[in-house]
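S.K.: One structure, as structure tokens, below. Some questions next.
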Amino acid sequence: MSNTILKIRGLHASVGDKEILKGIDLEVKEGEVHAIMGPNGSGKSTLSSVLAGRDTFEVTSGSIEFNGKDIIGMTPEQRSVEGLFLGFQYPIEIPGVTNVNFMRTALNEHRKYKGLEPLNAAEFLKLMRQKMEIVEMNPSFSSRGVNVGFSGGEKKRNEIFQMAMLEPKLAILDETDSGLDVDALRIVATGVNKLKRPDTSTIVITHYQRLLDYIVPDIVHILYNGRIIHTAGKELALEVEQKGYDWLIK
Amino acid sequence: MSEQNYIYAPGSTIDGSFKCKVPMKGTRQLFIVDGKPQGSPSSLTVKYAQGERPSEALQVIGVRTSAVPGSLSFSTSYHFGQDSVGRLILCSHTFAEDSFETTENCSIVVEKGASVEVVLMQNEHNRAAHFLNMDVVVGENGSFKATFISLNGGHIENRINVKLEREGAYCELNGLYLADGTQNVSNIIKMEHLVPGCHSKQLFKGILDNNANSRFSGLIKVCPGAFKTEAYQENHNLLLTKGAVAISEPMLEIYADDVKCSHGATNGRLNEDELFYMRSRGISLKEASLLQQMAFAYSVLEKISTQELRERMMSLTEQRLRGEFSDCRKCCKNCC
Ligand SMILES: Nc1ncnc2c1ncn2[C@@H]1O[C@H](COP(=O)(O)OP(=O)(O)O)[C@@H](O)[C@H]1O
Ligand SMILES: [Mg+2]
Chain B
1 MSNTILKIRG LHASVGDKEI LKGIDLEVKE GEVHAIMGPN GSGKSTLSSV
51 LAGRDTFEVT SGSIEFNGKD IIGMTPEQRS VEGLFLGFQY PIEIPGVTNV
101 NFMRTALNEH RKYKGLEPLN AAEFLKLMRQ KMEIVEMNPS FSSRGVNVGF
151 SGGEKKRNEI FQMAMLEPKL AILDETDSGL DVDALRIVAT GVNKLKRPDT
201 STIVITHYQR LLDYIVPDIV HILYNGRIIH TAGKELALEV EQKGYDWLIK
Chain U
1001 MSEQNYIYAP GSTIDGSFKC KVPMKGTRQL FIVDGKPQGS PSSLTVKYAQ
1051 GERPSEALQV IGVRTSAVPG SLSFSTSYHF GQDSVGRLIL CSHTFAEDSF
1101 ETTENCSIVV EKGASVEVVL MQNEHNRAAH FLNMDVVVGE NGSFKATFIS
1151 LNGGHIENRI NVKLEREGAY CELNGLYLAD GTQNVSNIIK MEHLVPGCHS
1201 KQLFKGILDN NANSRFSGLI KVCPGAFKTE AYQENHNLLL TKGAVAISEP
1251 MLEIYADDVK CSHGATNGRL NEDELFYMRS RGISLKEASL LQQMAFAYSV
1301 LEKISTQELR ERMMSLTEQR LRGEFSDCRK CCKNCC
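Protein sequence lines correspond, in order, to chains B and U.
As numbered in our numbering, residues 1 to 250 make up the first sequence, in order.
As numbered in our numbering, residues 1001 to 1336 make up the second sequence, in order.
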């Protein structure tokens, strides 16, 4: 039997007085791929932000265990070095901080946590080039400001590149497919698959079956109004694609 | 940034004179000790002859020592003859913990066709006050570019008056000021366009922590008849705390037609979205905030043309923002 990597129990989260997550239960085991689907405004991005530790959202009750540890009190950076990765629905631009500098700082924090020496400049650049190839990213992007002037597709590739650098145990990909043309979608999805190992898990948040043609989920959940209202196998995604969500909501 | 009070130690003493242990290559150094230029009884006068283009930069290092505490003033004058090219590095340091007040009156003349770049670095202790009065006159097709870096000091007041006197004169002033504790930094600029066809740019940026405060007061004056003037000014401040205050006073006085002038000022805080994004990749809050501050400072520091000097200023800025300045007590190897 494989280990549980993520265990969410009765999770409630709010912004101010507004409750957005209204009791989420979710369990992800090592090696599994889960898809979370649901109409806009259901709370999918909120769930991923809460998992990554964004303090805009207050967890009012429930528990989150990641890799056997309660992570609710952890900072975002602690969660990251523990092996949790969030691919942002809307990646942030950071003018003046180059991709190289950003990733070198991040990777070295991960290495420090693992008790490893920082990589020197040459080793780092070599690794960076290798990982950029996975998402067919132009090496010239490394010296540019993080996501600055990147197209929608380039930003999403950059997310997967970062994932490749940090090798997380659990990757949560929030609408990584939205706004991508067919080619970009293929590159991103192939990248995710190349990075998949038997002991790592993925949560794919998406509206579309087309991504799930590449990244085939073991389990599909429907999130609606802050709750998971339905869970089934991969055939559910196809059903939702054809019939919409109404039949599940009623 | 963290509040600190540090003092630069002199590198070594040769015949009672100061010498930097690790001078930058390609620079000639000259010290002004307690207001007296070494080897000269009177005030400092530097002349670049017509067409002179030395490969070396001249570094003038003003230091205050415990021998003369309290207040003093001195004058310096730099004259760049026609078509000369010069680079100046002007530094001021305090070598003791006494309370110092230094007034420096600096006059710079840039003759026709001459091209001058100045990098000025102020790095004094928390109870020191430094008043810089700089008057610059730029002649026909002359170019004057200066970057003012106020790294540390209790009270810093830079008054910079520039007169663009002949057609085609160019002036670019860039400034970066870092202040924490109760430090305060003022940059008071007067940019006068006296004749047609001159061009000026100003970019001043500040990072303020704790209860520090800053003032940027920038006047662009376009005199009657100075048509085809281009003059731009920007002042941006990054406030790290609620207690930090930045005052920005842009002023335009335009008495001529057909001119292009603009000014902009912003006061901002660290960007939460950027911080979260960096932290979600494992970068600590402290490092993430430092990366943002360095990115903010970068647009000023990148204006320094000489690579080695630019890199030194970047590393000094980073050390300052990291609160690692006390290391410099042992050695001045990181000072310019
Ligand atoms: N920072 C916030 N402040 C207030 N409301 C928010 C905030 N973030 C999300 N919401 C609200 O929470 C709900 C869920 O949003 P979100 O998690 O982005 O949904 P999804 O990703 O499923 O489209 C929406 O009603 C949205 O308006
Ligand atoms: Mg969303």
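Glycine included, C-beta positions come from ideal geometry on N, C-alpha and C.
Model, not experiment: these values are computed from the prediction.
(1) Return the residue from the list U/Met1134, U/Ser1186, U/Gly1154 that minimises the CA-CA distance to U/Glu1249.
(2) Which complete beta strand (DSSP E) runs does the region 1141-1206 of chain U hold, if anything under 3 residues is left out?
(3) Check U/Ala1212 in the structure and name its three-state DSSP category.
(4) Along the chain, which unbroken stretches of the beta strand (DSSP E) at least 3 residues long are found entirely within the region 214-243 of chain B?
(5) As a quick exercise: from U/Lys1047, U/Ile1247, U/Asn1211, U/Tyr1170, pick the residue whose alpha carbon is nearest that of U/Arg1204.
(6) Please compile the residues from chain U whose C-beta is within a distance smaller than 8 Å of the C-beta of B/Pro76.
(7) When the Cα of B/Ser2 is compared with those of B/Gln242, B/Val182, B/Gly31, B/Asp183, which residue comes out closest?
(8) Quick one: using the 10 Å Cβ neighbour count with 16 as the cut-off for buried, is U/Thr1266 buried or exposed?
(9) Could you give the first and the last residue of the continuous beta strand (DSSP E) run that contains U/Gln1319?
(10) Which residues in chain B have a C-beta closer than 9 Å to the C-beta of U/Leu1291? List them in chain order.
(11) Out of U/Val1136, U/Ile1160, U/Leu1178, which has the shortest C-alpha to C-alpha gap to U/Gly1153?
(12) Is the Cβ of U/Glu1302 closer than 7 Å to any Cβ of chain B?
(13) Should B/Lys156 be counted as a contact of ligand 2 given a C-beta to heavy atom distance under 6 Å?
(14) Hey, which residues come within less than 6 Å of ligand 1, measuring from Cβ to any heavy atom, in chain order?
(15) What whole-angstrom Cβ distance do U/His1199 and U/Ala1226 have, given they're in contact under 8 Å?
(16) Any heavy atom of ligand 2 closer than 6 Å to the beta-carbon of B/Lys89?
(17) Spell out a yes or no on whether the region 54-61 of chain B and the region 6-26 of chain B are touching, meaning 3 or more CB-CB pairs, one atom from each, closer than 8 Å.
(18) Determine, using beta carbons only, whether U/Ser1284 comes closer than 7 Å to chain B.
(19) Give the straight-line distance between the Cα atoms of U/Leu1120 and B/Thr200, rounded to the nearest whole angstrom.
(20) Chain B beta carbons: is any one of them nearer than 7 Å to that of U/Glu1287?
(21) Compare the C-beta of U/Tyr1298 against all C-beta atoms of chain B and say whether one is closer than 7 Å.
(22) Who pairs with B/Gln130 in a beta bridge, going by DSSP?
(23) Using 7 Å as the limit for Cβ to Cβ distance, is B/Ser80 near chain U?
(24) For a contact defined as C-beta to C-beta under 9 Å, what are the partners of B/Phe88 on chain U?
(25) If you drop the 5 nearest sequence neighbours on each side, which residues of the same chain put their C-beta closer than 7 Å to that of U/Ile1254?
(26) Name the one or two DSSP bridge partners that B/Glu58 has.
(27) What residue range is occupied by the uninterrupted alpha helix (DSSP H) comprising U/Val1259?
(28) Measure from the C-beta of B/Glu19 to each C-beta in chain U and report whether the shortest distance is under 7 Å.
(29) Chain B beta carbons: is any one of them nearer than 7 Å to that of U/Cys1273?
(30) From the DSSP secondary-structure annotation, give me the bridge partner or partners of B/Leu84.
(31) With a threshold of 6 Å, establish whether the CB of U/Ser1284 neighbours any heavy atom of ligand 4.
(32) Can you round the beta-carbon distance between U/Glu1052 and U/Gly1081 to whole angstroms, since I take them to be within the 8 Å contact cut?
(33) Tell me whether U/Leu1164 is buried or exposed, calling it buried when 16 or more other Cβ atoms sit within 10 Å of its Cβ.
(34) Taking beta-carbon pairs under 8 Å, can you tell me which members of the region 110-134 of chain B lie near chain U?
(35) Does U/Arg1028 come out as helix, strand or coil in the three-state DSSP assignment?
M.R.: In this structure, then:
(1) Within the second sequence, the letter at position 249 stands for residue 1249 of chain U. Checking every option, the nearest Cα to that of U/Glu1249 belongs to U/Ser1186.
(2) 1143-1152, 1155-1164, 1170-1179, 1184-1193
(3) In the second sequence, residue 1212 of chain U corresponds to position 212, counting from 1. In the structure shown, U/Ala1212 sits in coil (DSSP, three-state: anything other than H, G, I, E or B).
(4) 219-224, 227-232
(5) Stepping through the second sequence from its first residue, residue 1204 of chain U is reached at position 204. Arg is not the amino acid found at residue 1204 of chain U; the sequence shown has Phe there. It is U/Ile1247 whose Cα lies nearest to the Cα of U/Phe1204.
(6) As a position in the first sequence, residue 76 of chain B is number 76, starting the count at 1. Here the neighbours are Phe1276, Arg1279, Ser1280.
(7) As a working mapping, residue 2 of chain B is identified with position 2 in the first sequence. Closest option to B/Ser2, Cα to Cα, is B/Gly31.
(8) For the purposes of this step, residue 1266 of chain U is taken as the residue at position 266 of the second sequence. Exposed is the call here.
(9) For this step, residue 1319 of chain U is matched to residue 319 along the second sequence. Careful: U/Gln1319 lies outside any beta strand (DSSP E), inside the alpha helix (DSSP H) at 1307-1322.
(10) Taking the first residue of the second sequence as position 1, residue 1291 of chain U is located at position 291. Simply Ile94, Gly96, Val97, Asn101, Phe102, Thr105.
(11) Taking the first residue of the second sequence as position 1, residue 1153 of chain U is located at position 153. Taking only the C-alpha atoms, the option nearest U/Gly1153 is U/Leu1178.
(12) Taking the second sequence and counting its residues from 1, one reaches residue 1302 of chain U at position 302. No, its Cβ sits nowhere closer than 7 Å to a Cβ of chain B.
(13) Position 156 of the first sequence, counting from 1, holds the residue named residue 156 of chain B. Flag unset: Cβ of B/Lys156 not near ligand 2.
(14) B/Val15, B/Lys18, B/Ile20, B/Gly38, B/Asn40, B/Gly41, B/Ser42, B/Gly43, B/Lys44, B/Ser45, B/Thr46, B/Thr56
(15) The sequence position of residue 1199 of chain U within the second sequence is 199, counting from 1. The sequence position of residue 1226 of chain U within the second sequence is 226, counting from 1. That pair is no contact at about 11 Å.
(16) If you number the first sequence from 1, residue 89 of chain B lands on position 89. First, the residue type needs correcting, since residue 89 of chain B is Gln and not Lys in the sequence shown. Correct: B/Gln89 has its Cβ closer than 6 Å to ligand 2.
(17) yes
(18) Taking the second sequence and counting its residues from 1, the one referred to as residue 1284 of chain U is at position 284. Yes, because at least one Cβ of chain B sits closer than 7 Å to the Cβ of U/Ser1284.
(19) Translated into positions along the second sequence, residue 1120 of chain U becomes position 120. Translated into positions along the first sequence, residue 200 of chain B becomes position 200. Between U/Leu1120 and B/Thr200, the C-alpha separation is close to 54 Å.
(20) On the second sequence, position 287 is the one that residue 1287 of chain U refers to. Yes, U/Glu1287 lies at the interface with chain B (some Cβ there is under 7 Å from its Cβ).
(21) Residue mapping note: residue 1298 of chain U aligns to position 298 of the second sequence, counting from 1. By this cut-off, U/Tyr1298 is an interface position.
(22) The residue you call residue 130 of chain B lines up with position 130 of the first sequence. B/Gln130 is not bridged to any residue.
(23) For the purposes of this step, residue 80 of chain B is taken as the residue at position 80 of the first sequence. Interface residue, yes.
(24) Locating residue 88 of chain B in the first sequence gives position 88, where the first residue counts as 1. Ordered by position in chain U, the residues that pass the 9 Å Cβ test against B/Phe88 are Tyr1277, Ser1280.
(25) The residue given as residue 1254 of chain U occupies position 254 in the second sequence. Correct list, in chain order: Val1222, Cys1261.
(26) By one-based count along the first sequence, residue 58 of chain B stands at place 58. Note: B/Glu58 sits in a beta bridge opposite B/Ser14.
(27) The residue you call residue 1259 of chain U lines up with position 259 of the second sequence. No alpha helix (DSSP H) holds U/Val1259; DSSP gives it neither H nor E.
(28) For the purposes of this step, residue 19 of chain B is taken as the residue at position 19 of the first sequence. Chain U contact via Cβ: absent.
(29) Within the second sequence, numbered from 1, the residue matching residue 1273 of chain U stands at position 273. Cys is not the amino acid found at residue 1273 of chain U; the sequence shown has Asp there. Taking Cβ atoms only, chain B reaches closer than 7 Å to U/Asp1273, which makes this a yes.
(30) Numbered from its first residue, the first sequence carries residue 84 of chain B at position 84. Answer is B/Leu170, bridged to B/Leu84.
(31) This structure lacks ligand 4; its bound ligands are ligand 1 and ligand 2.
(32) Within the second sequence, the letter at position 52 stands for residue 1052 of chain U. Within the second sequence, the letter at position 81 stands for residue 1081 of chain U. The Cβ separation is near 7 Å, so the contact holds.
(33) The count along the second sequence starts at 1 and reaches residue 1164 of chain U at position 164. Looking at its Cβ environment, which holds 16 or more other Cβ atoms inside 10 Å, U/Leu1164 is buried.
(34) His110, Tyr113
(35) Position 28 of the second sequence, counted from the start, is the residue given in the question as residue 1028 of chain U. DSSP places U/Arg1028 in strand when its eight states are reduced to three.
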